[in-house]
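Reading through the structure tokens given below for one structure.
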Amino acid sequence: MGDRLAGIQPEAVFRNFEAISRIPRESGNEQQISDYLTQFGKNLGLEVIQEESGNVIIKKPGTKGYEQAPTVILQGHMDMVCVKKEDYPFDFAKDPIPLVVDGDLIKTEGTTLGADNGIAVAMMMAILESDELEHPPLECLFTVSEETGMDGVLHLHPEHLKGKILINLDSEEEGVMLASCAGGVNNVVHIPIDWQDSNGIKQVYTLTIKGLRGGHSGIEIDKNRASAIKLLGRVLKALDQTLNIQIAAVNGGEKMNAIPKMASATILVDEGEVKELEKIVDQYQNIFHKEFEASDPNIQIQLNKGEKVEKVFKNTTKKHLIHALRLLPFGVQTMSANIQGLVESSNNIGTLETKEEEIILSSAVRSSVKSLKDEINDRIGSICELIGAKMELVSDYPAWEYEPNSRIREIMNEVYKELNHKEMKVDAIHAGLECGFLKEKLGDVDMVSIGPNIYNAHTPEESLSISSTQRVFAFLTEVLKRIK
């Protein structure tokens, strides 16, 4: 693979980023990266705690003159969302991320980059191994499974951390200091399947909706990007109204917290209805192009002949599925009246799966107001009642509420103004950060979140700005220097 980031400064940050990019770290498969970080800390002669969840805490004493300074917790997550282009041959369980330098950007050849949140891991590693940087006592917390429900921070042992200042490094916009984030929950809908034998004389087709941009289901939920799963529901509804189709399977999306880029259905029609099937598909291809020509210009609907199937959904199951696809909420639900431009609540139907006994729809419900999160779940529950489905709530995590007074925000703003001659923006984000759980677990902690410019996270177009990373690392180390 070679050292593709060699020569880029600060050398320690990009060397460590490339090193962890060679290690599998998909959410739920973090043992290797957890062990690597544990050994990294031990090799430096530092105190290391590896929790049974896989979380790693590395503690470094303050440098000379900082012995009495308050302990600072630096925090980021070691896992990444693993999504690749449909035709790109890649195995996230063993292949190194194919890094590419393109001007000021670090990209890949067809996979997610993992800058979310690998760049935080790399920056913390660089600080831990430095003999030159001045800083207070540090506790570097590397958590697991942030992307799939925050299981790492959920199972964190708070007694392992003593710091009362926490800098989360999981933000994606330079010059913005986050002071609040949404809470959320994974809403899983289970639709039971009643099967029947298929009619052997019908034609089998695979209907696929693809070419969508996808994106982060929190940060980019307000970009009017299409959901392949919701579009599939529209096409299936139209086909069923006209042709009374049969359905043998539906699948879509890759990750619960990513806007789905692809969805498909195995459908059966009478031979004499094929022309009408093609006509309706072409019609919706044109409709979707017009509706999403700015946000998703490459939407495609493909229709291919499929292999014979032995069984299909009974009519009631088919109707329940189509109703669910049409009625389940997707996208922005409310906007904040207090913070201009902030999405207050939303839902993303991230995955659609056909199992032997049920169809499963997994959604990411987010809100900075708990009652609105509950309201979305209640609406989904009402839909489930109507179609005989079951709703399950998994990995509920709290919002991080804004604190009016914060010394770390003051220090950061002072440093930022000195370096950039303008004030740092204080903002909130419509995405789940681990800060909500950390606040709940650690109590009275002065907390903020920062990070460099990361673009198109959770997609194969993800990229990291080199110059932004350089500025943010210099900013972070100067902030640490000021904490005495």
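The numbering used here puts the first residue of the sequence shown at 1, with every later residue one more than the last. Ideal placement from N, C-alpha and C gives every residue a C-beta, glycine not left out.
Checklist entry - Leaving out the 5 sequence neighbours to the left and right, which residues in its chain are closer than 7 Å to S465 when beta-carbon positions are compared? => result Position 465 of the sequence shown, counted from the start, is the residue given in the question as residue 465. Only D104, L105, P452 and N453 meet the Cβ criterion.
Checklist entry - What are the uninterrupted segments assigned as beta strand (DSSP E) that are 3 or more residues long and contained completely in the segment 89–160, given in chain order? => result 99–102, 105–108 and 138–143
Next on the checklist: Alpha carbons only, please: which of T111, V269 and L321 is nearest the one belonging to I193?
Outcome noted: Residue mapping note: residue 193 aligns to position 193 of the sequence shown, counting from 1. Ranking the options by Cα distance to I193, first place goes to L321.
Next on the checklist: Using the three-state DSSP reduction, which class does D3 fall into: helix, strand or coil?
Outcome noted: Here residue 3 refers to the residue found at position 3 when the sequence shown is read from its first residue. Coil at D3, not helix or strand.
Checklist entry - Does the segment 158–178 touch the segment 72–85, meaning 3 or more C-beta pairs lie closer than 8 Å? => result Result yes; three or more Cβ-Cβ pairs closer than 8 Å.
Checklist entry - In terms of DSSP beta bridges, what is L352 paired with? => result To locate residue 352, count along the sequence shown from 1; it is residue 352. L352 is bridged to G252 and L361.
Checklist entry - Is V332 closer than 8 Å to G184 when the C-beta atoms are compared? => result Start at 1 with the first residue of the sequence shown, and residue 184 comes out as number 184. Start at 1 with the first residue of the sequence shown, and residue 332 comes out as number 332. In this structure, V332 does not lie closer than 8 Å to G184 by Cβ.
Next on the checklist: Which same chain residues end up closer than 6 Å to M1 when comparing Cβ atoms and leaving out the 5 residues on each side of it in sequence?
Outcome noted: What you label residue 1 is simply residue 1 of the sequence shown in a count that begins at 1. The predicted position of M1 is uncertain, since its pLDDT is 48 and thus under 50; a value taken from the coordinates is nonetheless stated next. Cβ neighbours of M1 beyond the five flanking positions: P96.
Item to check | Per-residue DSSP class, three states only, for K275 | outcome: As a working mapping, residue 275 is identified with position 275 in the sequence shown. If DSSP states are grouped into helix, strand and coil, K275 belongs with the helices.
Item to check | Extent of the continuous alpha helix (DSSP H) to which Q31 belongs | outcome: Residue numbering aside, residue 31 sits at position 31 when the sequence shown is read from its first letter. Run containing Q31: Q31 to N43, per the alpha helix (DSSP H) assignment.
Item to check | DSSP three-state assignment for S295, whether helix, strand or coil | outcome: For this step, residue 295 is matched to residue 295 along the sequence shown. Note: S295 maps to coil in three-state DSSP.
Next on the checklist: What would DSSP say about V235, mapped onto helix, strand or coil?
Outcome noted: Locating residue 235 in the sequence shown gives position 235, where the first residue counts as 1. The answer is helix: DSSP assigns V235 an H, G or I state.
Checklist entry - Mind pulling the beta strand (DSSP E) runs of 3 or more residues that sit fully within the segment 165–226? => result 165–168, 176–181, 183–192, 195–197 and 203–210
Next on the checklist: Looking only at its chain, what residues have a beta carbon closer than 8 Å to the beta carbon of H323, apart from the 5 residues adjacent to it on each side?
Outcome noted: Within the sequence shown, the letter at position 323 stands for residue 323. Hits under 8 Å: I383, L386 and I387.
Checklist entry - What is the DSSP secondary structure of L268, counted as helix, strand or coil? => result Along the sequence shown, one-based indexing puts residue 268 at 268. It is a strand residue.
Checklist entry - Quick one: what's got a C-beta closer than 6 Å to I429's C-beta in the same chain, skipping five residues either side? => result Counting from one through the sequence shown, the residue named residue 429 turns up at place 429. Here the set comprises L178 and C181.
Next on the checklist: Applying the 10 Å Cβ sphere with the 16-neighbour rule, what's the burial state of H458?
Outcome noted: Indexing the sequence shown from 1 puts residue 458 at position 458. Looking at its Cβ environment, which holds 16 or more other Cβ atoms inside 10 Å, H458 is buried.
Checklist entry - Once you ignore the five residues that flank P24 on each side, which residues in its own chain have a CB closer than 6 Å to its CB? => result Reading the sequence shown from its first residue, position 24 is the one you call residue 24. Here the set comprises Q32 and A93.
Checklist entry - Are K370 and W400 close, meaning C-beta to C-beta below 8 Å? => result Stepping through the sequence shown from its first residue, residue 370 is reached at position 370. Stepping through the sequence shown from its first residue, residue 400 is reached at position 400. It is not a contact, given that the beta carbons lie outside the stated cut-off.
Item to check | Other residues of its chain near K210: CB distance less than 6 Å, five sequence neighbours each side excluded | outcome: As a first step, residue 210 must be located in the sequence shown, where it is residue number 210. Counting only Cβ-Cβ distances below 6 Å, and skipping sequence neighbours, we find M262 and Q300.
Item to check | Neighbour-count burial assignment, H216, 16 or more Cβ in a 10 Å radius | outcome: Here residue 216 corresponds to residue number 216 of the sequence shown, with the count starting at 1. H216 comes out buried.
Checklist entry - Per DSSP, which one or two residues make a beta bridge with M391? => result Your numbering for residue 391 matches position 391 in the sequence shown. DSSP lists V189 as partners of M391.
Checklist entry - By DSSP, does G28 sit in helix, in strand, or in coil? => result Taking the sequence shown and counting its residues from 1, the one referred to as residue 28 is at position 28. Reduced to three states, the DSSP call for G28 is coil.
Next on the checklist: Going by DSSP in three states, H421 sits in which element: helix, strand or coil?
Outcome noted: Within the sequence shown, the letter at position 421 stands for residue 421. Looking at H421 - three-state DSSP - the assignment turns out to be coil, as it is neither helix nor strand.
Checklist entry - Cα-Cα, which of V448, E392 and S145 is closest to P404? => result Position 404 of the sequence shown holds residue 404. Nearest C-alpha to P404: V448.
Item to check | Residue range of the beta strand (DSSP E) that includes F313 | outcome: Walking along the sequence shown from the start, residue 313 turns up at place 313. Segment K311 to F313, the beta strand (DSSP E) holding F313.
Next on the checklist: Assuming K305 is part of the beta strand (DSSP E), what are its boundary residues?
Outcome noted: Your numbering for residue 305 matches position 305 in the sequence shown. Residues Q300 to K305.
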